[in-house]
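To start, the structure under review is shown below, and the notes come after it.
Residue numbers (mature numbering (1 follows the signal peptide of the UniProt record, and there is no 0)): -29 to -1, 1 to 629.
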């Protein structure tokens, strides 16, 4: 709804909204909750951030779960599919099926054309869409926004490319030809100004998938410079200029493709075009490692920042981590956590996975990857927009089939539906007054209904305190904590683990949904005091549990630790090969690091290596863990990979735990 409509509608719901209980997204999602127990009635649908959560104006936590619909970014300059599908029917079906936000790719060229008053009559089947007869493409967009308001949908705009081109996203940066960086910023300012009072549009994704490698004529980097090719600076600049016009919009900053490894710089050579030892590689837009050292700064509107990685499966591209065995844990440890999941875990900012998805039932690895990412997002309440609605997406297919009317029910039910925000059997929208699916919807509810909890005040009863933690597998750097569950009149949704050192204040170091937590990053010969407190869905917090003091031992503290390495050639060609090494903790206690060594056969050299740190001395090869994959629980494993020249099996393969 527009802000004006909100004010008109607010009077009819103000009484019902007084005393609303704030709560976390229910159903399968269990993100951390910290909203007040009593929330006032919002007058608009603008969203803000609070740590790693997105909240409405009253502090109620929300979950953005949506899909992409492309076309306005392409040469057609309008949604694809309107040549056969009905605009209102497609929009209504998205809302009724639980999609609460639509990511809409556009181009800077289109924005500049609209700014200059240049519109086109798009390719629309007016027999199927008689209401679009005579409308230009900007009028079609405005008509669609009105439909979104009617059906309780919210919108995120995404500059997908500089030029209006079906393949424009392939170009690595946000400027091209006559579209300069300054015009890129001006395009964002124009559309923000046009819709600044319309809270149907709640988010701006600054640029889709900035990417490129050092071998490319243009490539996106991430540092604290003001260089033209620094995407961190570009996203920061665009975000600040947008927020100067409308300070209530969410600003999404995607990642890039590569990031220098420790000891390398942006000027380091890229010795292998696919996998260089000087750089960490990931999907286009999926590498957010730079946030740790160079976070985006939006100034006074920092609470509008959301980071937005993209992730895909092996049917889109055969990444190294798909070439051996993998599961959700290995993907989390080897790929997602070091590239972007740490942002959520460290409570830096919310995450919204702007693109994920793909074809289902054609490749077991693809299906396992998609289910693993879906489950990670559900378990952590990570926001997302599925790629995509369009059946004409070549490498992923769509939620709709080729007739633009029928849905791929298997893909929808197995992959997307479980990851949509649901409560008490209904889908939850992001509009406070309009149900998701429309006023008369039987499948969706509004935010007001989600947080009303019935007449009168909401849940104000805190859970009981959890039991005193116990510690097992204590090492010099880590310990596993377990505690007895808390109870609540409605239900406990999460536990916060607090840690104090010496006489210092206790701080939250982790949030989990179960009653076990692995404390890491500890120092040897140091005493730590741990407590745990419980939260329920309304944000009520329990008293802290009785305290547990753990003193870490000197040295390793894991005398029964050990590891083993297995070397396997996964593919070979004339003059070269690719191999994978699996490192497994063979001890009964956790380890905090590992080192693998071997003697390379004569004439063999390593060209590139990933998920490990490589050093060589003559024929001796040494690989040490990266910071993100050194900690292994008993019997847990991780992998690293390499490419090399020559052939032969290494000798003297050993693994040492630390």
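From the three backbone atoms N, C-alpha and C, an ideal C-beta is built for every residue, glycine too.
Can you check which of these residues, 613, 190 and 111, is closest to residue 578 by C-alpha distance? Ranked by how close their Cα comes to the Cα of residue 578, the residues 613, 190 and 111 have 613 in first place.
Are residue 71 and residue 401 touching if we call contact CB-CB under 8 angstroms? The Cβ-Cβ distance between residue 71 and residue 401 falls below 8 angstroms.
Counted within 10 angstroms of its Cβ, other Cβ atoms place residue 544 as buried (16 or more) or exposed: So residue 544 counts as exposed.
Do you know how far the Cα of residue 363 is from the Cα of residue 374? Cα-Cα distance, rounded: 10 angstroms.
Can you list, in chain order, the residues of its chain with a C-beta nearer than 6 angstroms to that of residue 357? Leave out the 5 residues immediately preceding and following it. For residue 357, where only same-chain residues beyond five positions count, the Cβ hits under 6 angstroms are 38, 328 and 387.
How close, in whole Å, do the beta carbons of residue 83 and residue 169 come, if the pair is a contact with beta carbons under 8 angstroms? The pair is not a contact, with the Cβ atoms about 21 angstroms apart (cut-off 8 angstroms).
Please identify the residue among 131, 622 and 334 whose C-alpha is closest to the C-alpha of residue 286. Just measuring C-alpha positions, the residue of 131, 622 and 334 sitting nearest residue 286 is 334.
Are at least three pairs of beta-carbons, each pair with one atom in the stretch 117 to 137 and one in the stretch 145 to 157, less than 8 angstroms apart? By the C-beta criterion, the stretch 117 to 137 is judged to be in contact with the stretch 145 to 157, since at least 3 inter-stretch pairs fall below 8 angstroms.
Simplified DSSP assignment, three categories, for residue 265: In this structure, residue 265 counts as coil in the three-state DSSP scheme.
Let me know if residue 446 comes out buried or exposed under the rule of 16 or more other beta-carbons within 10 Å of its beta-carbon. Taking every protein chain shown into account, the CB of residue 446 has 16 or more other CB atoms within 10 angstroms, so this residue is buried.
Between residue 218 and the rest of its own chain, which residues show a CB-CB distance below 6 angstroms, the 5 nearest in sequence each way excluded? Sequence-distant Cβ neighbours of residue 218 in its own chain, meaning closer than 6 angstroms and more than five residues away, are 272.
Starting from the C-beta of residue -14, find all residues in its chain whose C-beta is less than 7 angstroms away, skip the five residues before and the five after it, and write them out in chain order. Annotation note: pLDDT 32 at residue -14 (below 50); position unreliable, coordinate value reported separately. The answer, listed in chain order, is 419 and 423.
Can you list, in chain order, the residues of its chain with a C-beta nearer than 7 angstroms to that of residue 299? Leave out the 5 residues immediately preceding and following it. Excluding residues up to 5 positions away in sequence, 343, 346 and 347 lie with their Cβ nearer than 7 angstroms to the Cβ of residue 299 in the same chain.
Check whether the Cβ atoms of residue 495 and residue 556 lie closer than 8 angstroms to each other. Not a contact, by the Cβ cut-off of 8 angstroms.
Going by the beta-carbon positions, is the gap between residue 49 and residue 94 smaller than 8 angstroms? The answer is yes: Cβ separation under 8 angstroms.
Using a 10 Å radius around the Cβ and a threshold of 16 neighbouring Cβ atoms, would you call residue 204 buried or exposed? With 16 or more other CB atoms across the displayed protein chains lying within 10 angstroms of its CB, residue 204 is buried.
By Cβ distance below 6 angstroms, which residues in the same chain neighbour residue 76 in space, the five residues on each side in sequence not counted? The answer, listed in chain order, is 41, 44, 129 and 131.
Can you grab the Cα-Cα spacing for the pair residue 538 / residue 290, in whole Å? For residue 538 and residue 290, the distance between alpha carbons rounds to 19 angstroms.
List in chain order: all unbroken alpha helix (DSSP H) runs of 4+ residues lying wholly within the stretch 358 to 423. The alpha helix (DSSP H) runs of length 4 or more contained entirely in the stretch 358 to 423 are, from start to end of the chain, 418 to 423.
I need the straight-line Cα distance from residue 324 to residue 160, nearest angstrom please. Answer to the nearest angstrom: the Cα atoms are 24 angstroms apart.
For the ligand SAH, is there a heavy atom less than 7 angstroms away from the beta-carbon of residue 53? As presented, the structure is devoid of all ligands, the ligand SAH included, so that no description of it is given.
Which runs of the beta strand (DSSP E), 3 residues or longer, sit entirely within the stretch 211 to 286? Inside the stretch 211 to 286, DSSP marks whole beta strand (DSSP E) runs of 3 or more residues at positions 221 to 225, 229 to 231, 250 to 252 and 276 to 279, from first to last along the chain.
Would you mind listing the beta strand (DSSP E) stretches within the stretch 447 to 528 that are 3+ residues and don't spill past its ends, in chain order? As far as the stretch 447 to 528 is concerned, its whole beta strand (DSSP E) runs of at least 3 residues are 450 to 453, 463 to 472, 478 to 483, 487 to 490, 498 to 507 and 519 to 522.
Extent of the continuous beta strand (DSSP E) run through residue 74: Boundaries of the beta strand (DSSP E) around residue 74: 72 to 78.
Can you say whether residue 225 is buried or exposed, counting buried as having 16 or more other CB atoms within 10 angstroms of its CB? Counting other Cβ atoms within 10 Å of its Cβ, residue 225 reaches 16 or more and is therefore classed as buried.
In this structure, how does DSSP classify residue 304 when only helix, strand and coil are distinguished? Helix, per DSSP.
In the stretch 119 to 165, which residue ranges form an unbroken beta strand (DSSP E) of at least 3 residues, counting only runs that do not cross its ends? If you keep only unbroken beta strand (DSSP E) runs of at least 3 residues inside the stretch 119 to 165, you get 125 to 132.
Exposure label - residue 528; buried when at least 16 CB within 10 Å: With a pLDDT of 38 at residue 528, under the threshold of 50, the predicted position of this residue should be treated as unreliable, and no value is reported.
Note down, in chain order, each residue of its chain lying with its Cβ closer than 7 angstroms to the Cβ of residue 174, except the 5 sequence neighbours on either side. Excluding residues within five positions, the ones whose Cβ falls inside 7 angstroms are 127, 220, 221 and 223.
Let's see if you can read the secondary structure: which residues bound the beta strand (DSSP E) around residue 313? Residue 313: not part of any beta strand (DSSP E); member of the alpha helix (DSSP H) spanning 313 to 316, first to last residue.
State the start and end residues of the unbroken beta strand (DSSP E) segment that holds residue 569. Counting along the chain, the beta strand (DSSP E) containing residue 569 begins and ends at 565 to 570.
Under 8 angstroms: do the stretch 458 to 474 and the stretch 306 to 323 share three or more Cβ pairs, one atom per stretch? With a cut-off of 8 angstroms, the stretch 306 to 323 and the stretch 458 to 474 do not count as touching, because too few Cβ pairs lie within range.
Classify residue 611 as helix, strand or coil using the three-state DSSP reduction. In the three-state reduction of the DSSP assignment, residue 611 falls in the strand class.
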